[in-house]
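**Q**
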Amino acid sequence: MKLTFLEKPSKRVITNADGNCGREDGRRPTTEIEIADTNHEIDVEEKIDLPSNSI
Amino acid sequence: MEYKSSHYNHFIDVSEDEFLLFNARTLATVELDREAYEAICHLLAMPHREDFPHLKEQLIAGEFLVPVTFDEKKVISERLWQARRNKNYLSLTIAPTIGCNFNCAYCFESEQARSNYTMMPTEIQDKLIAFVAHHISTYGVKKIEVCWFGGEPLLALQAIKRLSDAFLSLCSEQNIQYSASIITNGYRLDSKTAKLLRQLKIRSAQVTIDGPACIHDNRRILKGGAGSFKRIVKNLRPASQEIDILIRVNVDKQNANYLEQMLFEINEIAGDQYRPKIYLSPVHADPNINNQYHHGITKEFFSEIDRKFIRHGAKQKLNFSSKPTAISNACSADHIYSYMVGPSGELYNCWEDFGNAQLTLGTIDKGRIHNLDYLQKYHSFDPTAHSKCSNCTVMPLCMGGCPKKRLQHGEPQCGIYKYDLKTHVLSAFNK
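Quick note, the sequences are listed as chains A and B, same order. The letter at position 22 of the first sequence is residue 22 when you use this note's numbering, and the numbering goes up by one with no holes. Here this note's numbering = 1-based position in the second sequence + 1000.
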């Protein structure tokens, strides 16, 4: 039994997919990035370092 | 190796004997007849079975079956945090003016703010250019994306041109990708303006039309009270020969039953050869957020309207559906290196905060210096760890939804795929 793939699995995701708030779906594709499924431990509680914007 | 069924598998029936198997994490999709459907149902329920080895192999290749040790949520969480901290990508939403030539009843920006037609001064423009140059040199930016917003940004076309020229020059010097888009009411989007936008690498424009003329002209009115439907629609076809035009329709109780008539009237003015790209956006019934507006609709009602409109479009060979897409993070408000810049150089985190002095985060020359607790609320949420989202089978398609709404409601707000995944998957594959 051979399956027909209409779409193969992808590691690509859309990042910052806004373009109009309230759209609530796939929205306007902006930047597509590929992120490897490394499946390793990450610390989601890690404190975020905000960038310094002083110029 | 032992396998388990992916948490994000969805069977979607096309007909009595035809099915799709869709995965919301990888977007992998296979077409199945009844025999294959039944065999796969068994295999996904009991992955240790060995009676269909070839089929099992294909399900593993398609990631519908994943190793028992594979933590799908962790993968989703990881890509969220990578994207949220991505320094290589700088996103700017710039309002070169907060002034607007329209006076729409539902606008979230205050009438007082919209009556201020001041264009971003050249001094602020220069600071913004320096801000971008600083980011490029400090963070190794590889791509810049600008969205022109307002107010009505085409009222400040000079500022758009001056800033675009500077950004393009910076990007060209340092081999950085650049693209831009604009959110405009479309009233001033004639062919000449669209051509200029294309030259400035503004590849797409979003224009709002809120129903047929009789409804649109009562809602999207000029400051003087006149309607805008005919002029906007007349602009669509010539402008679409220069840049992509995406029409947004804000749907509520007033116009929900007039969308087919709207399409008919657009075709009458723009001509049959014009193939509009349209998406619907719900105006929700939400007394906690906008108690002045009484025409909002529920998510369930919106889903039904959306489904009917997509089907109506399909009859005319127009695809109004949005193909489900896996997203890493909700939007630019959920990306640390994204900035919303107002005409005085003030910074915000979300588009809907524009013009609200209490929600500014700082200024273009000093950076984000206050309201950091507010910012942290955007940048610390992870749907894989939230009770409402973590077991949701469409979570990779929405990632907890609009962060602003989450903060307003105190919990994530589900998007359209939660209510109607089937219509969008079928439409994506012309089923």
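Idealized CB from N, CA, C, for every residue including glycine. All figures in this text were calculated on a predicted structure; none of them were measured in a lab.
I'd like to know whether the C-beta atoms of I1012 (chain B) and L1426 (chain B) end up nearer to each other than 8 Å.
**A** Working through the second sequence from its first residue, we reach residue 1012 (chain B) at position 12. Working through the second sequence from its first residue, we reach residue 1426 (chain B) at position 426. Result yes, Cβ atoms of I1012 (chain B) and L1426 (chain B) sit closer than 8 Å.
**Q** What residues in its chain sit with their C-beta under 7 Å from that of D1252 (chain B), if we drop five residues either side in the sequence?
**A** Reading the second sequence from its first residue, position 252 is the one you call residue 1252 (chain B). Cβ within range, chain order: V1283, H1295, G1296 and I1297.
**Q** With distances taken from CA atoms, which of B:F1102, B:Q1241 and B:Q1261 is nearest G1313 (chain B)?
**A** As a working mapping, residue 1313 (chain B) is identified with position 313 in the second sequence. Checking every option, the nearest Cα to that of G1313 (chain B) belongs to B:Q1261.
**Q** In chain A, what lies closer than 7 Å to H1054 (chain B) by C-beta?
**A** Here residue 1054 (chain B) refers to the residue found at position 54 of the second sequence. The answer, in chain order, is M1.
**Q** Contact criterion: CB-CB distance below 8 Å. Does R1307 (chain B) meet it with respect to chain A?
**A** For the purposes of this step, residue 1307 (chain B) is identified with residue 307 of the second sequence, where counting begins at 1. Closer than 8 Å: no.
**Q** What residues from the stretch 1254 to 1272 of chain B come within 7 Å of chain A, judged by C-beta to C-beta, listed N to C?
**A** For the stretch 1254 to 1272 of chain B, which is checked against every Cβ of chain A, not one residue is closer than 7 Å.
**Q** Out of curiosity, what's the CA-to-CA distance linking K1073 (chain B) and L1043 (chain B)?
**A** Within the second sequence, numbered from 1, the residue matching residue 1073 (chain B) stands at position 73. Within the second sequence, numbered from 1, the residue matching residue 1043 (chain B) stands at position 43. Each residue's Cα considered, the two are about 22 Å apart.
**Q** Measure the beta-carbon distance from A1156 (chain B) to P1096 (chain B) and round it to whole angstroms, keeping in mind my assumption that it falls under 8 Å.
**A** For the purposes of this step, residue 1156 (chain B) is taken as residue 156 along the second sequence, with counting starting at 1. For the purposes of this step, residue 1096 (chain B) is taken as residue 96 along the second sequence, with counting starting at 1. Between P1096 (chain B) and A1156 (chain B) the Cβ distance is about 4 Å, and since that is below 8 Å, they are a contact.
**Q** Take the Cβ of P1053 (chain B) as the centre, count every other Cβ of all protein chains shown within 10 Å, and call the residue buried at 16 or more, exposed below.
**A** As a working note, residue 1053 (chain B) is residue 53 in the second sequence. Under this definition P1053 (chain B) is an exposed residue.
**Q** Between F1167 (chain B) and the rest of its own chain, which residues show a CB-CB distance below 7 Å, the 5 nearest in sequence each way excluded?
**A** Within the second sequence, numbered from 1, the residue matching residue 1167 (chain B) stands at position 167. Here the set comprises V1132, I1144, V1146 and Y1178.
**Q** Please confirm whether R1275 (chain B) has its beta-carbon closer than 8 Å to some beta-carbon of chain A.
**A** On the second sequence, position 275 is the one that residue 1275 (chain B) refers to. Chain A, which has no Cβ nearer than 8 Å to the Cβ of R1275 (chain B), makes this no.
**Q** For a cutoff of 8 Å on Cβ pairs, would you count N1103 (chain B) as touching chain A?
**A** Here the question's residue 1103 (chain B) lines up with position 103 in the second sequence. No, N1103 (chain B) lies away from the interface with chain A (no Cβ there is under 8 Å from its Cβ).
**Q** With a threshold of 16 other CB atoms inside 10 Å of the CB of S54 (chain A), please say whether the residue is buried or exposed.
**A** Sequence index remark: in the first sequence, residue 54 (chain A) carries index 54 (1-based). Unreliable placement is indicated for S54 (chain A), whose pLDDT of 30 sits below 50; the coordinate value is still reported in the next sentence. That one is exposed.
**Q** Between which residues of its own chain and E34 (chain A) is the CB-CB distance below 7 Å, once the five residues before and five after are set aside?
**A** As a first step, residue 34 (chain A) is located in the first sequence; it is residue number 34 there, counting from the start. The predicted position of E34 (chain A) is uncertain, since its pLDDT is 45 and thus under 50; a value taken from the coordinates is nonetheless stated next. Excluding sequence neighbours, E34 (chain A) sits near K11 and R12.
**Q** Closer than 8 Å, Cβ to any Cβ of chain A: which residues of the stretch 1020 to 1044 of chain B, in chain order?
**A** So the close ones are L1020, N1023, T1026, L1027, A1028, T1029, V1030, E1031, L1032, E1035, A1036 and A1039.
**Q** Rounded to whole angstroms, what is the Cα-Cα separation between Y1187 (chain B) and Y1106 (chain B)?
**A** The sequence position of residue 1187 (chain B) within the second sequence is 187, counting from 1. The sequence position of residue 1106 (chain B) within the second sequence is 106, counting from 1. Spanning the two alpha carbons is a distance of roughly 18 Å.
**Q** Hey, A979 (chain B) and M1399 (chain B) are a contact pair by Cβ (cut 8 Å); roughly how many whole angstroms apart?
**A** There is no way to answer for residue 979 (chain B), as the model of chain B reaches only from 1001 to 1431.
**Q** When we look at the beta-carbon of Q1158 (chain B) and count the other beta-carbons within 10 Å, is it buried (16 or more) or exposed?
**A** By one-based count along the second sequence, residue 1158 (chain B) stands at place 158. It counts as exposed.
**Q** What are the residues in the stretch 1059 to 1084 of chain B lying within 7 Å of chain A by C-beta distance?
**A** Within the stretch 1059 to 1084 of chain B, the qualifying residues are G1062, E1063, F1070, D1071, K1074, V1075, S1077, E1078, R1079, W1081, Q1082 and A1083.
**Q** For a test of the three-state rule: what should DSSP assign to C1392 (chain B), helix, strand or coil?
**A** Locating residue 1392 (chain B) in the second sequence gives position 392, counting from the first residue. In this structure, C1392 (chain B) counts as coil in the three-state DSSP scheme.
**Q** Give a yes or no on whether the C-beta atoms belonging to L1128 (chain B) and S1164 (chain B) are separated by under 8 Å.
**A** For this step, residue 1128 (chain B) is matched to residue 128 along the second sequence. For this step, residue 1164 (chain B) is matched to residue 164 along the second sequence. In this structure, S1164 (chain B) does not lie closer than 8 Å to L1128 (chain B) by Cβ.
**Q** Can you check which of these residues, B:L1059, B:T1360, B:K1223 and B:R1237, is closest to K8 (chain A) by C-alpha distance?
**A** For this step, residue 8 (chain A) is matched to residue 8 along the first sequence. Nearest option by C-alpha distance: B:L1059.
**Q** Can you give me the Cβ contacts of G1344 (chain B) inside the same chain, cut-off strictly under 7 Å, excluding the 5 residues immediately before and after it?
**A** Within the second sequence, the letter at position 344 stands for residue 1344 (chain B). The residue asked about is misnamed: residue 1344 (chain B) is Ser in this sequence, not Gly. Around S1344 (chain B): I1124.
**Q** Should H1424 (chain B) and S1322 (chain B) be called a contact, given that it needs their Cβ atoms to be closer than 8 Å?
**A** Reading the second sequence from its first residue, position 424 is the one you call residue 1424 (chain B). Reading the second sequence from its first residue, position 322 is the one you call residue 1322 (chain B). Yes. Within cutoff.
**Q** I'd like to know if R1203 (chain B) contacts chain A, where contact means its C-beta is closer than 8 Å to some C-beta of that chain.
**A** Here the question's residue 1203 (chain B) lines up with position 203 in the second sequence. By this cut-off, R1203 (chain B) is not an interface position.
**Q** Rounded to a whole number of angstroms, what is the C-alpha to C-alpha distance between M1120 (chain B) and Q1112 (chain B)?
**A** Locating residue 1120 (chain B) in the second sequence gives position 120, counting from the first residue. Locating residue 1112 (chain B) in the second sequence gives position 112, counting from the first residue. M1120 (chain B) and Q1112 (chain B): Cα-Cα distance of roughly 17 Å.
**Q** Step through the CB atoms of chain A and report whether any lies within less than 8 Å of the CB of N1429 (chain B).
**A** Locating residue 1429 (chain B) in the second sequence gives position 429, counting from the first residue. This sequence places Phe at residue 1429 (chain B); Asn is not what is there. Yes, its Cβ sits closer than 8 Å to a Cβ of chain A.
**Q** Which whole runs of the alpha helix (DSSP H) in the stretch 1239 to 1278 of chain B are 4 residues long or more, in chain order?
**A** 1259 to 1270, all fully within the stretch 1239 to 1278 of chain B.
**Q** So P1276 (chain B) and L1222 (chain B) are supposed to be a Cβ contact under 8 Å. How far apart are they, rounded?
**A** On the second sequence, position 276 is the one that residue 1276 (chain B) refers to. On the second sequence, position 222 is the one that residue 1222 (chain B) refers to. With 8 Å as the limit, P1276 (chain B) and L1222 (chain B) do not qualify as a contact, their Cβ atoms being about 23 Å apart.
**Q** If we call anything under 8 Å between Cβ atoms a contact, is N1086 (chain B) one with T15 (chain A)?
**A** Taking the second sequence and counting its residues from 1, one reaches residue 1086 (chain B) at position 86. Taking the first sequence and counting its residues from 1, one reaches residue 15 (chain A) at position 15. Going by C-beta atoms, N1086 (chain B) is nearer than 8 Å to T15 (chain A).
**Q** With a cut-off of 8 Å, do at least 3 Cβ pairs link the stretch 1014 to 1029 of chain B to the stretch 1389 to 1404 of chain B?
**A** A contact exists between the stretch 1014 to 1029 of chain B and the stretch 1389 to 1404 of chain B.
**Q** Do F1102 (chain B) and R1220 (chain B) have their C-beta atoms closer together than 8 Å?
**A** Reading the second sequence from its first residue, position 102 is the one you call residue 1102 (chain B). Reading the second sequence from its first residue, position 220 is the one you call residue 1220 (chain B). Result yes, Cβ atoms of F1102 (chain B) and R1220 (chain B) sit closer than 8 Å.
**Q** Tell me which residues share the same chain as N1088 (chain B) and place their Cβ nearer than 8 Å to its Cβ, disregarding the 5 neighbours each side in the sequence.
**A** Counted from its first residue, the second sequence places residue 1088 (chain B) at position 88. Excluding residues within five positions, the ones whose Cβ falls inside 8 Å are Y1139, G1140, V1141, K1142 and K1143.
**Q** Three-state secondary structure (DSSP) at C1147 (chain B)?
**A** Taking the second sequence and counting its residues from 1, one reaches residue 1147 (chain B) at position 147. Reduced to three states, the DSSP call for C1147 (chain B) is strand.
**Q** Please report the residue range of the beta strand (DSSP E) in which Q1158 (chain B) lies.
**A** Here residue 1158 (chain B) corresponds to residue number 158 of the second sequence, with the count starting at 1. First-last for Q1158 (chain B): L1157 to E1173, but that is the alpha helix (DSSP H), not the beta strand (DSSP E).
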